[in-house]
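These notes are about the structure you will find just below.
Protein chains: 2
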Amino acid sequence: MKSNLQRSNNRNDLLLDAAAELFATQGFRSTTIRDIAKASGMLPGSVYYHYASKEELLLAVYDTGVAQIVAAFEAAVSRTNHPWERLSIAISTHVEAITQDSHYMRVINRVLPEHIPDQLGALTEMRAKYEACFQRLIEDLPVNASVNRSLLRLMVLGALNHTQFWFDPKGELTPAEVGEAFTGFLVESIATDQTAEKTSEKGDSHAS
Amino acid sequence: MKSNLQRSNNRNDLLLDAAAELFATQGFRSTTIRDIAKASGMLPGSVYYHYASKEELLLAVYDTGVAQIVAAFEAAVSRTNHPWERLSIAISTHVEAITQDSHYMRVINRVLPEHIPDQLGALTEMRAKYEACFQRLIEDLPVNASVNRSLLRLMVLGALNHTQFWFDPKGELTPAEVGEAFTGFLVESIATDQTAEKTSEKGDSHAS
DNA sequence: TCCTTAAACAAACACTTGTTTTTCTAAGAG
DNA sequence: CTCTTAGAAAAACAAGTGTTTGTTTAAGGA
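Chain order of the listed sequences is A and B. The first sequence maps to residues -3 to 204 in this note's numbering. The second sequence maps to residues -3 to 204 in this note's numbering.
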């Protein structure tokens, strides 16, 4: 039988952390095994004791990242039952995730499945767990029947994914303001009348 | 003096075309000089007779791509003076550009300046020429005073940049429908009243 | 104490990368 | 018919890549 006191697992976590940080800041292709090994204080070959390949290391990071961002998402969204507020909160949570917090979540934004063809299926599957959050959230939005919810989801996801290239955490805008603005751009156009009125009272979309 | 009949320039164009296609379909890093040489029917070393480096080759492709997409943009947008229709047309032009047409335009979408740190400045400068088109277009939109036009532009650009990952030219949606949908999601929320009414008559945003 | 084994080291391997150098070819100029 | 030279071939270079292999270390169980 196995001993209940395994030798230090911590180096494995350290390795994973280092990989996450490097994947998040440099991307997958630009990060070498030697970079990761150096950052976690070991030699290149030692990495392969823990993970069979560089791509498997990415999968482990990705898995953790998805779990974290889904958890952050659900925690944030549970604060209210109002569908449009939920969208706003979800957006700000996403923006927060890619600027602060752990590097694992940033990997989900930076490394797109389409960029690693060999792992396209696995990565897409994981990422789908996150995108499904938005799917449910958008399904719950009270919008006009003519609205193509799938296109709406893709528009929002695209806008969110791009925030990594322009959002400056030291800038004037807060993640919450981005969420409110993006939501505000949409709400009155597509919401059913009663929900639009309810939201516009507290939203920032109208001046007059 | 130089002879007016230079030897065949066409191999240079062929080289550029091959590079554009590969950069567009595989990305910059994943495309090797050997790939490009093979696709243009020459040997790796011969590429360097025409371009001093792989990155210089990218710059040449990028430059052509920006010129083409700006031209396509302006030609499309000039068809109407209505600001919201212009936005819709601009979006559909973008979606068309990344699916049909030349590979040069697809490179602009696929290869983001942030991914090639050594040429960040040059690429950003070129890309700005394209993004400026949207900036002017959004400046001309009659929207409420509370609307942050900069955020609106970033939202639209993000959504557009992401279309490459999901838009299927063989699918049910046409680029024009994407443009109309995206515009429809926005127009009534942020447009000043009279323009919103004008647009909603022909748009597809309201059912009731 | 002996043995097992998790964990890492040390060093190379096999290959790919962008790039350079040298050599050849063929077309136009004089 | 030479001479020059644009243009490409051929082959290698130097650096970097992911990965594998053989060896060492040290902790825990018998």
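Think of the CB as a built atom: it goes at the ideal place given N, C-alpha and C, for glycine as much as any other residue.
Quiz item: Which value, in whole angstroms, describes the spacing of the CA atoms of Y100/A and Q64/A?
Solution: In the first sequence, counting from the first residue as 1, residue 100/A sits at position 104. In the first sequence, counting from the first residue as 1, residue 64/A sits at position 68. Looking at the backbone, the Cα of Y100/A and that of Q64/A are separated by about 8 Å.
Practice problem: Note down the Cα distance separating R102/B from T120/A, rounded to an integer number of angstroms. | Solution: Residue numbering aside, residue 102/B sits at position 106 when the second sequence is read from its first letter. Residue numbering aside, residue 120/A sits at position 124 when the first sequence is read from its first letter. Rounded to whole angstroms, R102/B to T120/A spans 22 Å at the Cα level.
Practice problem: Return helix, strand or coil for V73/B, following the three-state DSSP convention. | Solution: Your numbering for residue 73/B matches position 77 in the second sequence. The answer is helix: DSSP assigns V73/B an H, G or I state.
Quiz prompt | Contact list for the segment 153 to 171 of chain A against chain B, Cβ threshold 9 Å | solution = Against chain B - using a Cβ distance shorter than 9 Å - the residues of the segment 153 to 171 of chain A are L153, G154, A155, L156, N157, H158, T159, Q160, F161, W162, F163 and L169.
Practice problem: Determine which residues of the segment 4 to 38 of chain A have a Cβ less than 8 Å from any Cβ of chain B, and write them out in chain order. | Solution: Listed by position along the chain: G23, R25 and S26.
Quiz prompt | Neighbour list for L54/B in chain A, Cβ cutoff strictly below 7 Å | solution = Against the second sequence, residue 54/B aligns to sequence position 58. Ordered by position in chain A, no residue passes the 7 Å Cβ test against L54/B, which lies about 15 Å from the chain.
Quiz item: Residues of chain A with CB under 8 Å from L150/B, in chain order?
Solution: Within the second sequence, numbered from 1, the residue matching residue 150/B stands at position 154. The answer, in chain order, is A155, H158, T159 and W162.
Exercise. Would you check if there are 3 or more beta carbon pairs closer than 8 Å linking the segment 41 to 53 of chain B to the segment 85 to 99 of chain B?
Key: Result no; under three Cβ-Cβ pairs closer than 8 Å.
Practice problem: Express the C-alpha separation of T28/A and K34/A in angstroms, rounding to a whole number. | Solution: As a working note, residue 34/A is residue 38 in the first sequence. As a working note, residue 28/A is residue 32 in the first sequence. So the alpha carbons of these two residues sit roughly 10 Å apart.
Quiz item: Between T60/B and E173/A, what straight-line distance do the alpha-carbon atoms span, to the nearest angstrom?
Solution: Taking the first residue of the second sequence as 1, we reach residue 60/B at position 64. Taking the first residue of the first sequence as 1, we reach residue 173/A at position 177. In this structure, the CA atom of T60/B is about 37 Å from the CA atom of E173/A.
Quiz item: Leaving out the 5 sequence neighbours to the left and right, which residues in its chain are closer than 7 Å to N157/A when beta-carbon positions are compared?
Solution: For the purposes of this step, residue 157/A is taken as residue 161 along the first sequence, with counting starting at 1. Cβ-Cβ distances below 7 Å link N157/A to N105 in the same chain, with the five nearest sequence neighbours on each side left out; the list follows chain order.
Practice problem: From the DSSP output, in three-state form, read off D31/A for me. | Solution: Taking the first sequence and counting its residues from 1, one reaches residue 31/A at position 35. Three-state DSSP puts D31/A in a helix.
Quiz item: Could you give the C-beta distance for G175/A and I87/A, rounded to a whole number, given that I count them as a contact under 8 Å?
Solution: To locate residue 175/A, count along the first sequence from 1; it is residue 179. To locate residue 87/A, count along the first sequence from 1; it is residue 91. Contact holds; Cβ gap of about 4 Å.
Practice problem: Round the Cβ separation of V107/B and G23/B to the nearest angstrom and send it over; I've been treating them as touching at under 8 Å. | Solution: Residue mapping note: residue 107/B aligns to position 111 of the second sequence, counting from 1. Residue mapping note: residue 23/B aligns to position 27 of the second sequence, counting from 1. 7 Å between Cβ atoms; contact.
Quiz item: Is DSSP giving H78/B helix, strand or coil here?
Solution: Here residue 78/B is taken as the residue at index 82 of the second sequence, counted from 1. In the three-state DSSP reduction, H78/B falls in the coil class, being neither helix nor strand.
Practice problem: List the endpoints of the continuous alpha helix (DSSP H) containing G167/B. | Solution: On the second sequence, position 171 is the one that residue 167/B refers to. Run containing G167/B: none; DSSP gives neither H nor E here.
Quiz item: What first and last residue would you give for the alpha helix (DSSP H) that runs through L150/B?
Solution: Here the question's residue 150/B lines up with position 154 in the second sequence. R145 to W162 is the span of the alpha helix (DSSP H), which, as asked, contains L150/B.
Quiz item: Can you tell me whether P165/A is buried or exposed, with buried defined as 16 or more other CB within 10 angstroms of its CB?
Solution: As a position in the first sequence, residue 165/A is number 169, starting the count at 1. Exposed, since its Cβ has fewer than 16 Cβ neighbours within 10 Å.
Quiz item: Is there at least one Cβ from chain A nearer than 7 Å to D200/B's Cβ?
Solution: Translated into positions along the second sequence, residue 200/B becomes position 204. Note on D200/B: pLDDT 43, under 50, position unreliable in the model; no value is reported.
Self-check item: Three-state secondary structure assigned by DSSP to A177/B
Solution: To locate residue 177/B, count along the second sequence from 1; it is residue 181. Helix at A177/B.
Exercise. Assign Q37/A to one of three DSSP states: helix, strand, or coil.
Key: Counted from its first residue, the first sequence places residue 37/A at position 41. Sequence check: residue 37/A is Gly here, not Gln. The three-state reading of DSSP puts G37/A in coil, since its state is none of H, G, I, E or B.
Exercise. Could you check the C-alpha separation between W162/B and G154/B for me, to the nearest Å?
Key: By 1-based counting over the second sequence, the position of residue 162/B is 166. By 1-based counting over the second sequence, the position of residue 154/B is 158. When the Cα atoms are used, W162/B and G154/B turn out to be separated by approximately 13 Å.
Quiz item: Using DSSP with H/G/I as helix, E/B as strand and the rest coil, what is Y58/B?
Solution: By one-based count along the second sequence, residue 58/B stands at place 62. It is helical.
Quiz item: Going along the chain, which residues of its own chain have a beta-carbon closer than 8 Å to the beta-carbon of M38/A, five neighbours each way excluded?
Solution: For the purposes of this step, residue 38/A is taken as residue 42 along the first sequence, with counting starting at 1. The answer, listed in chain order, is R7 and L11.
Quiz item: Which of the residues in the segment 116 to 149 of chain A, read from start to end, lie with their CB under 8 Å from any CB of chain B?
Solution: Along the segment 116 to 149 of chain A, the positions whose C-beta sits under 8 Å from a C-beta of chain B are N140, A141, S142, V143, N144, L147 and L148, read in chain order.
Quiz prompt | Contact set between E51/B and chain A, taken where Cβ atoms lie within less than 7 Å | solution = Reading the second sequence from its first residue, position 55 is the one you call residue 51/B. By Cβ distance, chain A contributes nothing, its closest Cβ being about 14 Å from E51/B, past 7 Å.
Self-check item: First and last residue of the uninterrupted alpha helix (DSSP H) at L11/B
Solution: Taking the second sequence and counting its residues from 1, the one referred to as residue 11/B is at position 15. For L11/B, the enclosing alpha helix (DSSP H) covers residues N6 to Q22.
Quiz item: Just how far apart, CA to CA, sit Y206/A and Q115/A?
Solution: Outside the displayed range of chain A (-3 to 204) lies residue 206/A, so it cannot be described from this structure.
Quiz prompt | Cβ-Cβ distance between C129/A and F178/A below 7 Å | solution = Walking along the first sequence from the start, residue 129/A turns up at place 133. Walking along the first sequence from the start, residue 178/A turns up at place 182. In terms of Cβ geometry, C129/A and F178/A do not form a close pair [threshold 7 Å].
Quiz item: Does the beta carbon of E110/B come closer than 7 Å to any beta carbon on chain A?
Solution: Position 114 of the second sequence holds residue 110/B. Closer than 7 Å: yes.
Self-check item: Of the residues S74/A, E81/A and A118/A, the one placed nearest G180/A, counting alpha carbons only
Solution: On the first sequence, position 184 is the one that residue 180/A refers to. Comparing Cα-Cα distances from G180/A to each of S74/A, E81/A and A118/A, the minimum goes to E81/A.
Practice problem: Would you tell me roughly how many angstroms separate the C-alpha atoms of A72/B and K125/A, rounded to the nearest one? | Solution: Working through the second sequence from its first residue, we reach residue 72/B at position 76. Working through the first sequence from its first residue, we reach residue 125/A at position 129. If you take the alpha carbons of A72/B and K125/A, they lie about 38 Å apart.
Quiz item: Excluding the five sequence neighbours on either side, which residues of its own chain have a C-beta within less than 7 Å of the C-beta of A56/A, listed in chain order?
Solution: In the first sequence, the residue the question calls residue 56/A occupies position 60. Within the same chain, A56/A has close Cβ partners L12 and Y47.
Quiz item: Is L53/B helix, strand or coil when you go by DSSP?
Solution: For the purposes of this step, residue 53/B is taken as residue 57 along the second sequence, with counting starting at 1. In the structure shown, L53/B sits in a helix (DSSP, three-state: H, G or I).
Quiz item: In three-state terms, what does DSSP make of S88/B?
Solution: If you number the second sequence from 1, residue 88/B lands on position 92. S88/B carries a helical assignment under DSSP once its states are collapsed to helix, strand and coil.
Quiz item: Does Q2/A have its Cβ less than 7 Å from a Cβ in chain B?
Solution: As a working mapping, residue 2/A is identified with position 6 in the first sequence. Per-residue confidence for Q2/A stands at a pLDDT of 46, beneath the threshold of 50, marking its modelled position as unreliable; no derived number is given.
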